[in-house]
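Here this note's numbering is used: the first residue of the sequence shown is 512, the next is one more, and so on. All C-beta atoms in this analysis are idealised placements derived from N, C-alpha and C, irrespective of residue type, glycine included. As the structure is a computational prediction, the values presented were derived from the model and not from experiment. Encoded as structure tokens, the structure appears first; notes follow it.
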Amino acid sequence: MDPARIWVDGCFDFTHHGHSGAMLQAKKLGTHLVVGIHSDPAILANKGPTVMTLPERILAVSACRWSDEPVPNAPYVTDPAWLDAFGCKYVVHGDDLTTDSEGGDCYRIVKEAGRFKIVKRTPGISTTDLVGRMLVLSRNHHMHHRLQEVEEAELVRLRAYASDSAGVEGNGPPLLEIPRNAEGVKEHGLWDTVVAGVMPKEGQPIIYVDGGFDLFTPGHISVLSLITAAYKDQKPYLVLGLHSDTTINSHKGLNYPIMNLLERTLLVLQCRYVSAVIVNAPYTPTGEFLDQVSAKFGGKIEAVWHGPTKLGSGDEDTYKDAKERGIYREIEKHEWQHVSAGEIVNRILRERERYEERQRRKGVKMETFGG
Numbered sequence: 512m513d514p515a516r517i518w519v520d521g522c523f524d525f526t527h528h529g530h531s532g533a534m535l536q537a538k539k540l541g542t543h544l545v546v547g548i549h550s551d552p553a554i555l556a557n558k559g560p561t562v563m564t565l566p567e568r569i570l571a572v573s574a575c576r577w578s579d580e581p582v583p584n585a586p587y588v589t590d591p592a593w594l595d596a597f598g599c600k601y602v603v604h605g606d607d608l609t610t611d612s613e614g615g616d617c618y619r620i621v622k623e624a625g626r627f628k629i630v631k632r633t634p635g636i637s638t639t640d641l642v643g644r645m646l647v648l649s650r651n652h653h654m655h656h657r658l659q660e661v662e663e664a665e666l667v668r669l670r671a672y673a674s675d676s677a678g679v680e681g682n683g684p685p686l687l688e689i690p691r692n693a694e695g696v697k698e699h700g701l702w703d704t705v706v707a708g709v710m711p712k713e714g715q716p717i718i719y720v721d722g723g724f725d726l727f728t729p730g731h732i733s734v735l736s737l738i739t740a741a742y743k744d745q746k747p748y749l750v751l752g753l754h755s756d757t758t759i760n761s762h763k764g765l766n767y768p769i770m771n772l773l774e775r776t777l778l779v780l781q782c783r784y785v786s787a788v789i790v791n792a793p794y795t796p797t798g799e800f801l802d803q804v805s806a807k808f809g810g811k812i813e814a815v816w817h818g819p820t821k822l823g824s825g826d827e828d829t830y831k832d833a834k835e836r837g838i839y840r841e842i843e844k845h846e847w848q849h850v851s852a853g854e855i856v857n858r859i860l861r862e863r864e865r866y867e868e869r870q871r872r873k874g875v876k877m878e879t880f881g882g
């Protein structure tokens with residue numbers, strides 16, 4: 512058994528930055544991270560209904576830049592035999608207690624075997640929180656201040672998530688923020704660098720993708736994966752433009768986005784397909800804005816990509832300038848395109864009574880490490 516091969520397991524229902532933080536902390540304790548993912552029946556028996564199916568949860572885990580080897584159908588009570596089978600000496604989990612259907616510690620066996628390591632639980636987000644936001648239609652989570660103005664602990668987290676596949680800070684995606692009143696085009700040179708990172712290599716294709724990426728769904732992940740796969744000769748430098756909470760809510764209404772700007776930023780930073788992130792990106796990427804992106808990253812944008820989901824209303828053409836420049840590209844229909852933030856919310860609302868019962872049973876308990 513190799514102590515550098517680390518095992519972490521969980522439900523990984525939804526995709527949220529608590530899961531990513533779990534995998535990041537575990538990865539930094541070794542060099543190869545094996546991620547066990549519980550089955551739908553096991554979670555139902557021990558915790559309650561899942562929102563996302565097992566294939567959807569596998570896709571999300573696979574997209575995390577710190578995950579090396581997803582393992583589906585891992586036992587709910589961690590079994591040393593599974594660690595042995597994958598050559599892992601230790602299992603890593605947060606400092607919160609995770610119990611099975613009978614109230615027993617899910618890690619009691621590996622703890623007794625001396626094969627358990629503890630890391631800090633990621634505070635402030637859980638699957639329970641997200642379900643709650645959907646059930647009560649609250650907008651209290653929306654951010655109305657700049658990313659630069661978050662508490663120091665969150666800035667530390669942003670720097671950590673903007674790391675490479677080994678968790679080394681400074682070697683991952685740069686994070687830029689456009690001043691909110693600039694709308695992306697009015698204040699040249701005034702974009703803030705929240706986190707410095709790796710810029711494009713000489714000759715590397717620079718491409719731009721934008722959106723809300725709310726709940727970072729299998730639809731989002733699949734589009735980013737397919738875009739990356741379209742460049743067979745060299746991995747593209749994928750610049751992701753992320754819309755503000757205000758922008759998303761003005762177009763989608765209700766309490767969208769379900770995840771606020773900080774939560775969505777952390778999620779796109781952890782994605783292995785993303786090379787750089789621009790927050791507060793304009794809803795309409797004008798030619799002037801695209802020129803600014805080119806200037807920031809030292810090369811001409813070769814393509815502006817979008818998924819098969821139609822945006823806008825009426826005669827509005829969000830990508831008019833990109834089309835006129837001949838650089839607009841669109842991913843064709845794919846198997847996950849129906850799994851949007853709206854679809855996930857509908858799943859919750861269709862089974863409202865079951866999820867409300869799950870919320871009541873969980874009370875205020877925060878399960879964020881693989882929860």
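Residue i - containing alpha helix (DSSP H), residue span
| i | result |
| --- | --- |
| Tyr748 | Run containing Tyr748: none in the alpha helix (DSSP H); it sits in the beta strand (DSSP E), 748–753. |
| Val785 | No alpha helix (DSSP H) holds Val785; DSSP gives it neither H nor E. |
| Pro552 | 551–557 |
| Arg861 | 852–861 |
| Arg516 | Unbroken run through Arg516 is the beta strand (DSSP E), 513–521; no alpha helix (DSSP H). |
| Gly547 | Premise fails: Gly547 lies in the beta strand (DSSP E), 543–548, not in any alpha helix (DSSP H). |
| Val709 | Premise fails: Val709 is in no alpha helix (DSSP H) and is neither H nor E. |
Residue i classed as buried or exposed, judged by whether at least 16 other C-beta atoms fall within 10 angstroms
| i | result |
| --- | --- |
| Met512 | exposed |
| Pro566 | exposed |
| Ala664 | exposed |
| Lys697 | Reliability fails at Lys697, whose pLDDT of 44 lies under 50, so the model's placement of it is uncertain and the value that follows must be treated cautiously. Label assigned to Lys697: exposed. |
| Ala677 | exposed |
| Asp725 | buried |
| His849 | exposed |
| Gln781 | buried |
| Glu846 | exposed |
| Ser612 | exposed |
| Pro514 | exposed |
| Thr758 | buried |
| Arg632 | buried |
| Gln745 | exposed |
| Phe523 | buried |
| Thr639 | buried |
| Asp721 | buried |
Nearest-angstrom beta carbon gap, residue j and residue i [assumed within contact, 8 Å]
| i | j | result |
| --- | --- | --- |
| Val750 | Ala787 | 5 Å |
| Leu535 | Ile517 | Contact doesn't hold; Cβ gap of about 11 Å is too wide. |
| Ile620 | Leu737 | Incorrect: roughly 41 Å between the Cβ atoms, too far for contact. |
| Glu688 | Arg657 | 6 Å |
| Ile554 | Val582 | The Cβ separation is near 15 Å, so there is no contact. |
| Leu753 | Val790 | 5 Å |
| Phe808 | Ile718 | Incorrect: roughly 10 Å between the Cβ atoms, too far for contact. |
| Val546 | Val562 | Between Val562 and Val546 the Cβ distance is about 19 Å, and since that is not below 8 Å, they are no contact. |
| Thr690 | Gln715 | In the sequence as displayed, the identity of residue 690 is Pro instead of Thr. Not confirmed; about 28 Å, so no contact. |
| Thr564 | Asp551 | 6 Å |
Any non-hydrogen atom of the ligand ADP closer than 7 Å to residue i Cβ
| i | result |
| --- | --- |
| Ala673 | You won't find the ligand ADP in this model; it holds no ligand whatsoever. |
Endpoints, the beta strand (DSSP E) within which residue i is located
| i | result |
| --- | --- |
| Asp721 | 717–722 |
| Thr776 | Segment 772–780 is the alpha helix (DSSP H) holding Thr776; no beta strand (DSSP E) there. |
| Lys628 | 627–630 |
| Tyr767 | Premise fails: Tyr767 is in no beta strand (DSSP E) and is neither H nor E. |
| Arg840 | 839–841 |
| Ala814 | 812–817 |
| Leu686 | 686–688 |
| Asp703 | 703–706 |
Query raised in the report: For the region 577–614, which segments carrying the alpha helix (DSSP H) assignment without a break, of at least 4 residues, lie completely within its bounds, in sequence order?
Result: 591–596
Report task. Pair every Cβ in the region 781–801 with every Cβ in the region 830–849, then say whether three or more of these pairs are closer than 8 Å. Result -> yes
Query - Three-pair Cβ contact test at 8 Å for the region 598–615 versus the region 572–583 - result: no
Query - Touch test, the region 766–779 against the region 521–530, Cβ-Cβ under 8 Å, three pairs minimum - result: yes
Query raised in the report: Between the region 703–721 and the region 668–681, do at least 3 Cβ pairs fall closer than 8 Å?
Result: yes
Query raised in the report: What alpha helix (DSSP H) runs, 4 residues minimum, are completely inside the region 648–682?
Result: 663–672
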